[in-house]
Structures are given as structure tokens and as C-alpha cells.
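Below is one structure, written out as C-alpha cells, with a few remarks after it.
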Amino acid sequence: MSYSGPRFFAWCDEPERIDAFAAALTALRIPGALIDLMMSATISCETRSIDEVLATVRAHFGGQKSAHVGSGMMLRESERGMTFGLDCYPEESERRHPYGPLKLEAGERKRDFYPYEIPVGDGPRSVEAEAAVAHHLVQGDIEDLLLRLCAPDASGRVPTGACTGEEGWIAPVEMCATYNANATELARDLALSWVNLHDKESVSRIAGTSLEALRARVEAAPRGARVPMTGGSELTRSLSRETVLKALATPPATLLEALEAAAVPDDAWRAAEPQAHEIMELLRQLGEAAEGEGPPAFRAKITSPGHVRFLEDHAPFHVRRLPSGGVVLATHPYRSLWPLWADALFLLGITL
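According to this note's numbering, the sequence shown is numbered sequentially starting from 9.
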């Protein structure tokens, strides 16, 4: 698990990359916040003008010169402020060292983004309920930041992106969230994952590959070929070539409906929710109370192995249809999307 906050990635064609970077920077930054730009040892600036930043980037971007900015943002769901880092890499740089092409990091330290402790009442503590609260406190922000990076406007420049609590852009089904601008191409997540794991291709270099070309890459693998998976049960520890091809042949609407049907909280999560809602209500009351007033509470750390394990095993999934025709799949950054995909494929009668 990373020691920093979550990382978000987005792909778009190089001719539109700076425009996508500009739109994301505008959507993320607190208006008027200081922006620190670094492109090389001799090309940098510190300013409050987005226009100045973008003029510098447009003048020098390309080859091995990538753009890296740091500034301040406000999380819309939790209404917390923190720093962010936004990077944009040209194609030549990506070929040598795949990092992006667009990458966003939220917070400098892990506790900047993830809650370290929460107020709880004086009754019996529940690790499961506290972990559920930790999920509620960050899940909306995960989805919001992914959309502010990938879809800050209606341009459609970015066809796909993802989020993870780990270091890099790994197989989409092993990320904690993905964005697809077109819900009819949702199977891209599965095909990209196969090509990444079987052919050892960097996701950030192939994320823009057409669905037809990805299908051809899968078909080119030997019959019966399998790739190992993580984050699932003993029965879902590998994925076959034939499973991916069957999923690609499934009507997109049917696949999306199966994912929605599979995104049901499990029994352990449902059992934890009543007390989690009590803690959330306590948080609301304390937030509205004057200083020194409000119900009695004490600060409880929610970073123990038990809290983390519960989120890894039970955090719920969210399938979000967007008005634009896109779709977001998401869960807590401590978990991957693979169990959601595995359950959806099972519902469709597609064996792994």
C-alpha cells in the first residue's frame, strides 16, 4: 500500500494532451491558489496565473520535457483542502518511462487524504463500523477527483482513466476506480487488463487502443492461456483468454447491467452500516455544534490492520452511469474492482 494519497491516471492523444492538462488544472485548483510549475532544471515558474503556466507549458512541452505542477485544491464531498500534484507527459517520454500520460496525486502524505481518526461515542467500538465510516468519508472524493481529471468539461478528450491506492497504472480491474467516456466500451477495462498482464504491456501506453485492436490482441494469445489475478477468492485467482473474449462478445448494455447487479454490499458490510450511520450522525452534530459543545465523543484511530483488512475484503462497489454516456466503476482505494468483475461474469454465466 502506498504511503501517499491515491493516484489518478488519464489517457488522451498527444495533440490534445496539453488541453486536457489545462482543463484538469482549472477544475482542480482553488481559484487564486499559487501554482508551482517545473518542466526542467531551467524551466519553471511560481505564479497564481494559469495563463502563465499554460503559456510556459505550450512553449516547451514535448520530447523529454514533461509538465509538473503543484497547487491547492478543495475536495468537494468532504470539504477538505489539500495540495495536489498534476503531471503531463509527452509521447516520447511515455515510451521511455510510462508514468501517465496524465497523473494526479492527492495530498503529500497518506493521512492528508485518508482519515486517520474520527470521533466516536462512548459506547462499544466496532472496527467494522469505523471502517465503513472511513469508506464514506473518502468515496465521494475518489469519484469526484477522477472525473475532474478525466471529464472536467464536455470535450471527451479523455476516453479512459483510473485510480489506485498503489504506485502506478496497473491492470484496470485491479485498480480501485475506472472511468470510461463511453459505456459501450466498458469491456475495455477487461481487455486492457488481459493485454497488460499477459503481454506485459504498460497500461498507460495502450489505454487508448481501440476495442477492436484489443480484441485482436486477446485472440492472438494461445487457447487456454490464463493470467493471475489478485484481490479475489480462491476461485477467482486467474482469468482465461476465453473469458475475456466472451465478455467482449457480450452486448455492452447486458455487461453494464450485470456489473450493476453485482454491486451489492455483502452481509458483513450491511451488518456494519447501522452503527456506521450513528457515527456519521455524530460527525454531523459535532460539525454543527459550537466549539466545546455537542455530544460527548473521543478520537479513535481507524488505521489498524483490522480496519484496513475490512475495507480490503468488504468495501462496496459503485457503478455510476454518467449523463454524458460514460460510466465510473469505483470502490475504496484499499480494494480492487476485480471481485466486482468476477461476480458480474458469474451472473452472466461466463466462467473465469
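All C-beta atoms, glycine included, are put in the ideal place defined by N, C-alpha and C.
C-beta atoms of residue i and residue j nearer than 7 angstroms
i, j, result
"residue 322", "residue 276", "yes"
"residue 339", "residue 325", "yes"
"residue 356", "residue 345", "no"
"residue 49", "residue 65", "no"
"residue 154", "residue 195", "no"
"residue 212", "residue 108", "yes"
"residue 284", "residue 142", "no"
Residue i, DSSP secondary structure in three states
i, result
"residue 158", "helix"
"residue 340", "coil"
"residue 262", "helix"
"residue 196", "helix"
"residue 307", "strand"
"residue 16", "strand"
"residue 189", "coil"
"residue 315", "helix"
"residue 179", "coil"
"residue 346", "helix"
"residue 170", "strand"
"residue 105", "coil"
"residue 322", "helix"
8 angstroms contact criterion, which residue i and residue j should meet: CB distance rounded
i, j, result
"residue 93", "residue 187", "No, residue 93 and residue 187 are not in contact; Cβ-Cβ is about 19 angstroms, not under 8 angstroms."
"residue 248", "residue 360", "6 angstroms"
"residue 327", "residue 281", "Going by Cβ atoms, the distance from residue 327 to residue 281 rounds to 19 angstroms, so no, they are not a contact pair."
"residue 347", "residue 171", "Between residue 171 and residue 347 the Cβ distance is about 17 angstroms, and since that is not below 8 angstroms, they are no contact."
"residue 79", "residue 37", "5 angstroms"
| said: Within 8 angstroms, do at least three Cβ pairs link the segment 309-321 to the segment 174-186? | reply: At 8 angstroms Cβ cutoff, the stretches do not touch.
| Segments assigned alpha helix (DSSP H), at least 4 residues, entirely inside the segment 18-103 | 25-36, 58-68
| request: Would you be able to state if there are at least three C-beta pairs under 8 angstroms between the segment 221-230 and the segment 251-271? | output: These segments touch.
| said: Threshold first: 3 residues or longer. Then list the beta strand (DSSP E) segments lying entirely within the segment 212-299, N to C. | reply: Runs of the beta strand (DSSP E) inside the segment 212-299: 234-236, 246-248.
| task | Please go through the segment 107-163 and give each complete beta strand (DSSP E) segment of 3 or more residues, from N-terminal end onward. | result | Taking only runs of at least 3 residues, the beta strand (DSSP E) segments lying wholly in the segment 107-163 are 110-114, 125-128.
| query | Pairing CB atoms from the segment 20-37 with CB atoms from the segment 161-170, are three or more of them under 8 angstroms? | reply | yes
| said: Whether or not the segment 95-106 and the segment 125-138 are in contact is what I'm after, with contact meaning three or more pairs of Cβ atoms, one per stretch, closer than 8 angstroms; do they touch? | reply: no
| Any 3 or more C-beta pairs closer than 8 angstroms across the segment 112-119 and the segment 284-299 | no
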